[in-house]
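Numbering (our numbering), first residue to last: 245 to 313. Virtual Cβ for every residue (Gly too), placed ideally from N, Cα, C. This report concerns only the one structure given below.
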């Protein structure tokens, strides 16, 4: 459980860091360039990872704990 919690927090922190880097780079990206496409396509998985890890942190879900049938 401790390893899972640490991993989820690491992924959450890494996602926030990557989103901050994208936010700082956004003013320097030309709207109709290939850089804008790459920034947009990288934003999607980073945002989904951030959302997923936030849900896991809030709910306290532990995949190693067996579920009750």
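Item, Value
"So is residue 252 buried or exposed if we call it buried at 16+ other beta carbons inside 10 Å?", "buried"
"If I'm right that residue 290 touches residue 264 with Cβ under 8 angstroms, what's the distance once you round it to whole angstroms?", "About 10 angstroms separates the two Cβ atoms, so there is no contact after all."
"If you follow the alpha helix (DSSP H) that residue 279 is part of, which residue opens it and which one closes it?", "278-303"
"Count the other CB atoms, across all protein chains shown, that sit within 10 Å of the CB of residue 308; report buried if there are 16 or more and exposed otherwise.", "exposed"
"Within 10 angstroms of the Cβ of residue 281, are there 16 or more other Cβ atoms? Answer buried if so, exposed if not.", "exposed"
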